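Visitor:
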Amino acid sequence: MSALSALFARELKLAVRIGGGALMAVVFFLIVVTLMPFAVGPDLNLLARVGPAILWVGALLANLLALDRLFQADQEDGSLDLMVMAPVPLELIVTVKALAYWVTTGLPLAIAAPLFGMMLNMPSEALGAVCLTLAAGTPGLTFIGIIGAALTVALRRGGLLLAILVIPLMVPVLIFGILATSAAVVVTSPFIQPFLILVALSLGAMVLGPIAAAAALRFGLE
Amino acid sequence: MLEQFGEHAGFIAAAYVITFIVIGGLILWVRIDGKAQMRELEAMKRRGLRRRAEAKD
Amino acid sequence: MGLMDLANPTRFMAVSQRILPWMWGLAVAFLAAGLYMSFFLAPQDYQQGNTVRIMFIHVPAAWLAMMGYSIIALSSIGTLVWRHPLADVSARAAAPIGAAFTFIALVTGSLWGKPMWGAWWVWDARLTSVLVLFLMYLGLIALWRAFDDPARGARIVAVLALVGAINLPIIKFSVEWWNTLHQPASVFRMGGPTIHPALLWPLMVMAFGATLLFLAIHLAAMRNEVLRRRVRAMQITAARGVATAGAEDGEPELA
Amino acid sequence: MSPPQKPAFSGLELIGDGLACVRGGRRVFQGLSFRVAGASALALRGPNGVGKSSLLRLLAGLVPVERGTLTLSGGKPDTPIAEQAHYLGHLDALKPGLSVEENLTFWAQFLSGGPVRPERIDAALDAVGLIDLASLPARFLSAGQRRRLALARLVAVTRPVWLLDEPTSALDTEGQDRLFSLIADHLKAGGIALAATHVDLPFTVETLNLAPAAMELRA
Numbered sequence: 001m002s003a004l005s006a007l008f009a010r011e012l013k014l015a016v017r018i019g020g021g022a023l024m025a026v027v028f029f030l031i032v033v034t035l036m037p038f039a040v041g042p043d044l045n046l047l048a049r050v051g052p053a054i055l056w057v058g059a060l061l062a063n064l065l066a067l068d069r070l071f072q073a074d075q076e077d078g079s080l081d082l083m084v085m086a087p088v089p090l091e092l093i094v095t096v097k098a099l100a101y102w103v104t105t106g107l108p109l110a111i112a113a114p115l116f117g118m119m120l121n122m123p124s125e126a127l128g129a130v131c132l133t134l135a136a137g138t139p140g141l142t143f144i145g146i147i148g149a150a151l152t153v154a155l156r157r158g159g160l161l162l163a164i165l166v167i168p169l170m171v172p173v174l175i176f177g178i179l180a181t182s183a184a185v186v187v188t189s190p191f192i193q194p195f196l197i198l199v200a201l202s203l204g205a206m207v208l209g210p211i212a213a214a215a216a217l218r219f220g221l222e
Numbered sequence: 223m224l225e226q227f228g229e230h231a232g233f234i235a236a237a238y239v240i241t242f243i244v245i246g247g248l249i250l251w252v253r254i255d256g257k258a259q260m261r262e263l264e265a266m267k268r269r270g271l272r273r274r275a276e277a278k279d
Numbered sequence: 280m281g282l283m284d285l286a287n288p289t290r291f292m293a294v295s296q297r298i299l300p301w302m303w304g305l306a307v308a309f310l311a312a313g314l315y316m317s318f319f320l321a322p323q324d325y326q327q328g329n330t331v332r333i334m335f336i337h338v339p340a341a342w343l344a345m346m347g348y349s350i351i352a353l354s355s356i357g358t359l360v361w362r363h364p365l366a367d368v369s370a371r372a373a374a375p376i377g378a379a380f381t382f383i384a385l386v387t388g389s390l391w392g393k394p395m396w397g398a399w400w401v402w403d404a405r406l407t408s409v410l411v412l413f414l415m416y417l418g419l420i421a422l423w424r425a426f427d428d429p430a431r432g433a434r435i436v437a438v439l440a441l442v443g444a445i446n447l448p449i450i451k452f453s454v455e456w457w458n459t460l461h462q463p464a465s466v467f468r469m470g471g472p473t474i475h476p477a478l479l480w481p482l483m484v485m486a487f488g489a490t491l492l493f494l495a496i497h498l499a500a501m502r503n504e505v506l507r508r509r510v511r512a513m514q515i516t517a518a519r520g521v522a523t524a525g526a527e528d529g530e531p532e533l534a
Numbered sequence: 535m536s537p538p539q540k541p542a543f544s545g546l547e548l549i550g551d552g553l554a555c556v557r558g559g560r561r562v563f564q565g566l567s568f569r570v571a572g573a574s575a576l577a578l579r580g581p582n583g584v585g586k587s588s589l590l591r592l593l594a595g596l597v598p599v600e601r602g603t604l605t606l607s608g609g610k611p612d613t614p615i616a617e618q619a620h621y622l623g624h625l626d627a628l629k630p631g632l633s634v635e636e637n638l639t640f641w642a643q644f645l646s647g648g649p650v651r652p653e654r655i656d657a658a659l660d661a662v663g664l665i666d667l668a669s670l671p672a673r674f675l676s677a678g679q680r681r682r683l684a685l686a687r688l689v690a691v692t693r694p695v696w697l698l699d700e701p702t703s704a705l706d707t708e709g710q711d712r713l714f715s716l717i718a719d720h721l722k723a724g725g726i727a728l729a730a731t732h733v734d735l736p737f738t739v740e741t742l743n744l745a746p747a748a749m750e751l752r753a
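Chains as they are written, first to last, in the numbering used here: chain U, 1 to 222; chain Z, 223 to 279; chain F, 280 to 534; chain D, 535 to 753.
Here it is in structure tokens:
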């Protein structure tokens, strides 16, 4: 296990040191949230109604931001070769990298979301709900995203392609995330059912994502 | 002491407290950063004379 | 290049070391006086009651948010026209401080607005413009951090800072246009045009003290930045020095 | 000073039999057989594009074996060769944002799968002549210094097989001397080294000549 903890520590160190990766996603998230009122107008009632959607779409896009570099940076400097040669299964290495990415990207997004929700005049119950659903849903987004990151690892301009590949796969997570969050805004919709499905989607992605990503990385080698 | 500022005392207190935290953090950061740079500079000046491996013995 | 540029940062370090304690002292004195005045001498506003006391930090913070960006913009001209290394140091040191004061302006604005509007955030023209300013600060900081070599990043960031400075009035104008389109009548304007003299004096003292504080932090951060660059320069020479020294003495025990 | 070599390897033998390799739809080589015993080095020779790098990557498990068998007798049983081999490729696998010491410590921990004593890191850095730069960020290193740091990885973690792809590139004469003495130490401990190089190694090596004409013919 020590090889994996060393990798986790290195990933966190790199994310904090190089350009403040964690901060960038949150800033991008804030920019997306700021743009929406310019588009739909500053009417607070309207913003409160579409708030969950704005936050979830913003978080989804922000979560994609640095994903293309996740394996590419290691591939370009030869680190990936050594990782493939390690005694640890590649699936676990991919999992650890994805977890580190979530800690530096997805988690800050979930923590920042209630603050941005306040700016959209969302009721306080909805703020808690959006934090909870994002904390439960962003791992799903990350672990789906790493499949795309692994598929495009050898491509120079993989960034845009990555988004096109994985956003359709993220649709179920988005649907149930927004459904669960809206439960706190719209009285009639239930919370627990979509939330459990969201958790199930995340857990499923955490199993499937690393297997698919590791396979893609192996085929992409040479 | 807070009560004399009326029903919105909490908001006033929060505004001042957050301001103090942010500015205090800023000053603290400047001080810690300054000390760290000074330390680095001293370490660099020392390193020219002594090797790390020898310093350990 | 050469002696002139080396001499100036050295003199800057000497001079700044002497005036910094005075600036800290003056800033603390003015802020203490300002706080006393704003809490105990200033009366309640007939319309806003005691919440007007938030104004004494909100308005100076908003003013310093703009001043911080002005420092960056002016320093950027210095970087681009005279290529003076201290200009970039000044701009770079001002960015996080300006961002922090912008953040304070946003938070206190939100706390001031909640009792008035009943919402934590209202997309009114002023607050929204300050938010865009905050985003521009963050963009500048991110761009600076993306460059390994400060000398190479300096002029590129200076271009962004100046483009931002030109854009700011346009942004402000557009945001106001957008806002009046949606909200014809603004019920309440922060720190409105007429202000009671009993409120004005504490505000002036607070603003002056906060400006001094900003400048003191800025100066201290500039000193740190100069030191950081010295460390960096020494690290580079160290990397080169070892390579040549190793080749010269040949390390007999390994040959 | 030579680095500590506690577990001396004994009875190692690396055998390739009838190997074939396909990269990018092109058959790089086939029917390639060789045999390297412990405590000896094999130099891979031949013009560019003949498949020296491909053979090393194949041994490292980075390129699939198209046909043929590859065995390491005397090594750890039931362990792929890749996990018992060091691969020093064209890329140095360094992060510019981490210090020299952090870079090496990470790889040592990651490759050995356990905690690594700092003395071992220091010894490895000393062996490649980078000990004075231990706390420096790797972004300040020159190409040759980066190469040395990559080489330190092989010293810090003990593995029986060294796969070296142009190990002398970017190194100055002093660095090359260090490299050669490290390889010699590794061989003395009973290890195996395979090197694709155009430089003559200053100790006895067997040579595997990869000839392009024959390859084309068979392909």
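For every residue, glycine included, the Cβ atom is placed at its ideal position computed from N, Cα and C.
Here the structure is a predicted model, which means the values were calculated and not measured.
Over what stretch of residues does the alpha helix (DSSP H) that includes Glu635 of chain D continue unbroken?
Guide: Within the fourth sequence, the letter at position 101 stands for residue 635 of chain D. It spans Val634 to Ser646 - the alpha helix (DSSP H) in which Glu635 of chain D sits, taken as one unbroken run.
Visitor: If you compare alpha carbons, which of F:Ala379, F:Leu506, F:Asn329 and F:Gly520 is closest to Gln259 of chain Z?
Guide: On the second sequence, position 37 is the one that residue 259 of chain Z refers to. Sorting F:Ala379, F:Leu506, F:Asn329 and F:Gly520 by C-alpha distance to the C-alpha of Gln259 of chain Z places F:Leu506 at the top.
Visitor: For the beta strand (DSSP E) holding Ile549 of chain D, just list the boundary residues, first then last.
Guide: Indexing the fourth sequence from 1 puts residue 549 of chain D at position 15. Counting along the chain, the beta strand (DSSP E) containing Ile549 of chain D begins and ends at Glu547 to Arg557.
Visitor: How would you label Pro108 of chain U, buried or exposed, when you count the other beta carbons within 10 angstroms and need 16 or more for buried?
Guide: Counting from one through the first sequence, the residue named residue 108 of chain U turns up at place 108. Buried, by the Cβ-count rule.
Visitor: Is the region 376–393 of chain F in contact with the region 354–361 of chain F, if contact means three or more CB pairs nearer than 8 Å?
Guide: No, the region 376–393 of chain F is not in contact with the region 354–361 of chain F.
Visitor: Contact defined as beta carbons within less than 8 Å: I believe Ala378 of chain F pairs with Ile420 of chain F. What is the distance between those atoms, to the nearest angstrom?
Guide: Sequence index remark: in the third sequence, residue 378 of chain F carries index 99 (1-based). Sequence index remark: in the third sequence, residue 420 of chain F carries index 141 (1-based). Correct: roughly 7 Å between the Cβ atoms.
Visitor: Taking 8 Å as the threshold (beta carbon to beta carbon), is Ser646 of chain D in contact with chain F?
Guide: In the fourth sequence, residue 646 of chain D corresponds to position 112, counting from 1. Chain F contact via Cβ: absent.
Visitor: Is the Cβ of Val244 of chain Z closer than 8 Å to any Cβ of chain F?
Guide: Locating residue 244 of chain Z in the second sequence gives position 22, where the first residue counts as 1. For Val244 of chain Z, the answer is yes, since a Cβ of chain F falls inside 8 Å of its Cβ.
Visitor: Which residues of chain D have a Cβ atom closer than 8 Å to the Cβ of Met118 of chain U, listed in chain order?
Guide: To locate residue 118 of chain U, count along the first sequence from 1; it is residue 118. Residues of chain D passing the Cβ test: none, with the nearest at roughly 35 Å.
Visitor: Going by beta carbon distance, what residues of the same chain come within less than 6 Å of Asp551 of chain D, once the five residues before and after it are set aside?
Guide: Position 17 of the fourth sequence, counted from the first residue, corresponds to residue 551 of chain D. So the list reads Ser567, Gly602 and Thr603, once near-sequence residues are dropped.
Visitor: For a quick check, are the C-beta atoms of Asn503 of chain F and Asp255 of chain Z less than 8 Å apart?
Guide: Within the third sequence, numbered from 1, the residue matching residue 503 of chain F stands at position 224. Within the second sequence, numbered from 1, the residue matching residue 255 of chain Z stands at position 33. Against a cut-off of 8 Å, the Cβ pair of Asp255 of chain Z and Asn503 of chain F comes out as a contact.
Visitor: Less than 8 Å between C-beta atoms, sequence neighbours within five positions excluded: which residues of the same chain meet that for Ala62 of chain U?
Guide: The residue labelled residue 62 of chain U in the question sits at position 62 within the first sequence. Excluding positions up to five away in sequence, the list reads Ala25, Val26, Phe28, Phe29, Val32, Thr105 and Leu109.
Visitor: Figure out for me which residue from F:Ser389, F:Met302 and F:Val294 has the closest Cα to the Cα of Phe487 of chain F.
Guide: Numbered from its first residue, the third sequence carries residue 487 of chain F at position 208. Closest by alpha carbon: F:Met302.
Visitor: Where do the ends of the alpha helix (DSSP H) carrying Val562 of chain D lie?
Guide: Within the fourth sequence, numbered from 1, the residue matching residue 562 of chain D stands at position 28. No alpha helix (DSSP H) contains Val562 of chain D, which is instead part of the beta strand (DSSP E) from Arg560 to Ala571.
Visitor: Consult DSSP for Glu530 of chain F and reduce its assignment to one of helix, strand or coil.
Guide: If you number the third sequence from 1, residue 530 of chain F lands on position 251. Low confidence applies here, because Glu530 of chain F scores a pLDDT of 34, under 50, leaving its location unreliable and the question unanswered by this model.
Visitor: With DSSP collapsed to three states, give me the class of Arg651 of chain D.
Guide: Here the question's residue 651 of chain D lines up with position 117 in the fourth sequence. Note: Arg651 of chain D maps to coil in three-state DSSP.
Visitor: Starting from Gln514 of chain F, find everything on chain D with Cβ-Cβ shorter than 8 Å and list it in chain order.
Guide: Taking the third sequence and counting its residues from 1, the one referred to as residue 514 of chain F is at position 235. Within 8 Å Cβ-Cβ: Leu670, Pro671 and Phe674.
Visitor: Starting from Asp699 of chain D, trace the beta strand (DSSP E) in both directions and tell me its first and last residue.
Guide: By 1-based counting over the fourth sequence, the position of residue 699 of chain D is 165. In the DSSP annotation of this structure, the continuous segment of the beta strand (DSSP E) that includes Asp699 of chain D starts and ends at Val695 to Asp699.
Visitor: Of all the beta strand (DSSP E) runs that stay within the bounds of the region 123–149 of chain U, which reach a length of 3 or more residues?
Guide: none
Visitor: On the three-state DSSP scale, how would you describe Asn743 of chain D?
Guide: For the purposes of this step, residue 743 of chain D is taken as residue 209 along the fourth sequence, with counting starting at 1. Strand.
Visitor: Does chain F have any CB closer than 8 Å to the CB of Leu248 of chain Z?
Guide: Numbered from its first residue, the second sequence carries residue 248 of chain Z at position 26. Output row for Leu248 of chain Z: interface = yes.
Visitor: Check whether the Cβ atoms of Pro225 of chain U and Trp402 of chain F sit closer than 8 Å, and answer yes or no.
Guide: This structure cannot speak to residue 225 of chain U, because chain U is shown only from 1 to 222.
Visitor: At what residues does the beta strand (DSSP E) containing His620 of chain D begin and finish?
Guide: Here residue 620 of chain D corresponds to residue number 86 of the fourth sequence, with the count starting at 1. Segment Ala619 to Leu622, the beta strand (DSSP E) holding His620 of chain D.
Visitor: To the nearest angstrom, how far is the alpha carbon of Ala657 of chain D from that of Leu622 of chain D?
Guide: Counting from 1 along the fourth sequence, the entry for residue 657 of chain D is found at position 123. Counting from 1 along the fourth sequence, the entry for residue 622 of chain D is found at position 88. If I take the Cα positions, the gap works out to 19 Å.
Visitor: Starting from the beta carbon of Phe382 of chain F, find every residue of chain Z whose beta carbon is closer than 7 Å, and list them in chain order.
Guide: Your numbering for residue 382 of chain F matches position 103 in the third sequence. Chain-order list of chain Z residues neighbouring Phe382 of chain F: Val244, by C-beta distance under 7 Å.
Visitor: Which residues in the same chain as Met415 of chain F place their Cβ atom closer than 6 Å to its Cβ, once the five residues preceding and following it in sequence are excluded?
Guide: For the purposes of this step, residue 415 of chain F is taken as residue 136 along the third sequence, with counting starting at 1. Counting only Cβ-Cβ distances below 6 Å, and skipping sequence neighbours, we find Gly443.
Visitor: What is the rounded straight-line gap between the Cα of Trp361 of chain F and the Cα of Phe291 of chain F?
Guide: Counting from 1 along the third sequence, the entry for residue 361 of chain F is found at position 82. Counting from 1 along the third sequence, the entry for residue 291 of chain F is found at position 12. Distance from the CA atom of Trp361 of chain F to the CA atom of Phe291 of chain F, rounded to whole angstroms, is 17 Å.
Visitor: Assign Leu625 of chain D to one of three DSSP states: helix, strand, or coil.
Guide: What you label residue 625 of chain D is simply residue 91 of the fourth sequence in a count that begins at 1. In this structure, Leu625 of chain D counts as coil in the three-state DSSP scheme.
Visitor: Would you report the Cα separation of Asp68 of chain U and Leu314 of chain F, rounded to the nearest angstrom?
Guide: By one-based count along the first sequence, residue 68 of chain U stands at place 68. By one-based count along the third sequence, residue 314 of chain F stands at place 35. Their backbone Cα atoms lie some 50 Å apart in a straight line.
Visitor: Could you check what DSSP says for Ala727 of chain D in three-state terms: helix, strand or coil?
Guide: Here residue 727 of chain D refers to the residue found at position 193 when the fourth sequence is read from its first residue. Strand at Ala727 of chain D.
Visitor: Nearest-angstrom Cα distance between Pro87 of chain U and Ala9 of chain U?
Guide: By 1-based counting over the first sequence, the position of residue 87 of chain U is 87. By 1-based counting over the first sequence, the position of residue 9 of chain U is 9. Distance between the alpha carbons of Pro87 of chain U and Ala9 of chain U: 18 Å.
Visitor: Pull up the distance between the alpha-carbon of Ala489 of chain F and that of Thr241 of chain Z, whole angstroms please.
Guide: Reading the third sequence from its first residue, position 210 is the one you call residue 489 of chain F. Reading the second sequence from its first residue, position 19 is the one you call residue 241 of chain Z. Roughly 11 Å between the two C-alpha positions.
Visitor: Does the structure place the region 148–158 of chain U close enough to the region 70–85 of chain U that three or more beta carbon pairs sit under 8 Å?
Guide: yes
Visitor: With respect to the beta strand (DSSP E) encompassing Ala575 of chain D, which residues constitute its N-terminal and C-terminal limits?
Guide: Taking the first residue of the fourth sequence as 1, we reach residue 575 of chain D at position 41. From DSSP, the beta strand (DSSP E) with Ala575 of chain D extends over Ser574 to Arg579.
Visitor: Using a Cβ-Cβ cut-off of 6 Å (strictly less than) and excluding sequence neighbours within five positions of Ser616 of chain D, which residues of its own chain qualify?
Guide: Translated into the one-based positions of the fourth sequence, residue 616 of chain D becomes position 82. With the sequence shown as reference, residue 616 of chain D is identified as Ala, and Ser is not the correct amino acid for it. Answer for Ala616 of chain D: Ala594 and Gly595, listed in chain order.
Visitor: On the DSSP letters alone, give me the boundaries of the beta strand (DSSP E) that Thr605 of chain D sits inside.
Guide: Residue numbering aside, residue 605 of chain D sits at position 71 when the fourth sequence is read from its first letter. Here the beta strand (DSSP E) through Thr605 of chain D covers Arg601 to Ser607.
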